[in-house]
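Chains as they are written, first to last, in our numbering: chain A, 18 to 199; chain B, 6 to 129.
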């Protein structure tokens, strides 16, 4: 059993996977651990910085924006604030994958933001970033709507995403960012 | 006026705001979840300082990492310095970045493009 987990993670090039509640402390711990891992692997400083930056934005994006899933367990309503966080290293890329529940009513806006970001080239992303930075007000969560754009800029690649319908109220939103290793 | 000194943590930078010795620095990492809470103290301090600033003010930023929620707070801070400059005070912002850190250089350029205050990019 344990061996099959190990092999499964190994063939899928997974360094780290977490499923559970996302807290600020957890995000700190993961960043600390991954930074040590990148240092230990002797990763190029430039790549390391990009990976770290993308991790920060992806993990904090989940922390700030996941929607609490209301589920009933033994007829009791409980709030599920769990998410999936995954970091891997393939031959050509590092990747950061996050997965969390979002309310269906938010899906259209999220999808259109991601489509917009993916339609931009490097220069357009720079302009979009500057204009939102300049005009955008901070949301009540202290985020500026810049996260996705920043991830796309640092990643240098298109973002992968998916909305998997879970119920009439929720979808499972997954986001994948890649950072080229050279 | 009273100095503002904040020691660095894994997620927040070292802050030195000392008008007596004319040192104004934010150095390190700025990746807190609650950037607004962190920068409020700095913004409040600068508001006070702006009432009676020194003859010359050089604000030094040297950030290793920063998240997008900090980026908005930094712009708010730069706007305050810009206002001081426009009110006739001698203010310079210096943005220090690692020579091989293109992203941090580019971020400096983003700010420079948005601001009307002397903003120098310094490669280290």
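Each residue gets a CB set at the ideal place from its N, CA and C atoms; glycine is no exception. Model, not experiment: these values are computed from the prediction.
Query                                                                                                                                                                            : Result
Suppose you measure from the CA of residue 147 of chain A to the CA of residue 79 of chain B; what does that come to, to the nearest Å?                                          : 13 Å
Return the chain-ordered ranges of every beta strand (DSSP E) run that is complete within the segment 106 to 148 of chain A and spans a minimum of 3 residues.                   : 110 to 120
Using the three-state DSSP reduction, which class does residue 47 of chain A fall into: helix, strand or coil?                                                                   : helix
Which of helix, strand or coil does DSSP assign to residue 48 of chain B?                                                                                                        : helix
Among the residues of its own chain, which have a CB less than 6 Å from the CB of residue 30 of chain B, if the five just before and after it don't count?                       : 21, 65
May I ask you to list the residues that DSSP assigns as paired with residue 33 of chain B?                                                                                       : B:68
Ends of the beta strand (DSSP E) at residue 178 of chain A?                                                                                                                      : 177 to 182
What number of angstroms, rounded off, separates the C-alpha of residue 82 of chain A from the C-alpha of residue 38 of chain B?                                                 : 12 Å
Using a cut-off of 9 Å between C-beta atoms, extract the partners of residue 27 of chain A located in chain B.                                                                   : Those within 9 Å of residue 27 of chain A in chain B number zero; the least Cβ separation is about 30 Å.
Taking beta-carbon pairs under 7 Å, can you tell me which members of the segment 66 to 83 of chain B lie near chain A?                                                           : 70, 72, 73, 74, 76, 77, 80
Establish whether the CB of residue 106 of chain B and some CB of chain A are separated by less than 8 Å.                                                                        : yes
If I measure Cβ to Cβ from residue 40 of chain A and keep anything under 8 Å in the same chain, skipping five residues before and after, which residues do I get?                : 80
Looking only at its chain, what residues have a beta carbon closer than 8 Å to the beta carbon of residue 125 of chain B, apart from the 5 residues adjacent to it on each side? : 97, 98, 99, 100
Taking the DSSP output, what are the residues bridged to residue 96 of chain B?                                                                                                  : B:62
So if DSSP puts residue 192 of chain A in a beta bridge, which residue, or which two residues, is it bridged to?                                                                 : A:115, A:178
Would you call the segment 79 to 92 of chain B in contact with the segment 112 to 119 of chain B, where contact means no fewer than 3 C-beta pairs closer than 8 Å?              : yes
Using the three-state DSSP reduction, which class does residue 19 of chain B fall into: helix, strand or coil?                                                                   : strand
Within the continuous alpha helix (DSSP H) that includes residue 111 of chain B, where are the two ends?                                                                         : 107 to 119
Which partner residues of residue 126 of chain B appear in the DSSP bridge assignment?                                                                                           : B:100
Cβ of residue 33 of chain A within 8 Å of Cβ of residue 52 of chain A?                                                                                                           : no
What residue range is occupied by the uninterrupted beta strand (DSSP E) comprising residue 9 of chain B?                                                                        : 9 to 11
Determine contact between the segment 93 to 107 of chain A and the segment 130 to 146 of chain A, defined as no fewer than three beta-carbon pairs at a distance below 8 Å.      : no
Which stretch, first to last residue, makes up the beta strand (DSSP E) that contains residue 10 of chain A?                                                                     : Residue 10 of chain A cannot be examined here, being either before or after the span of chain A that is shown, 18 to 199.
Keeping to the same chain, check which residues put their C-beta closer than 6 Å to that of residue 120 of chain B; ignore five residues upstream and five downstream.           : 83, 87
On the DSSP bridge assignment, give the partners of residue 26 of chain A in chain order.                                                                                        : For residue 26 of chain A, which the question treats as bridged, DSSP gives no partner whatsoever.
Can you give the Cα-Cα distance for residue 105 of chain B and residue 168 of chain A, rounded to whole angstroms?                                                               : 19 Å
Buried or exposed: where does residue 45 of chain B fall if 16 or more other Cβ atoms within 10 Å of its Cβ makes it buried?                                                     : exposed
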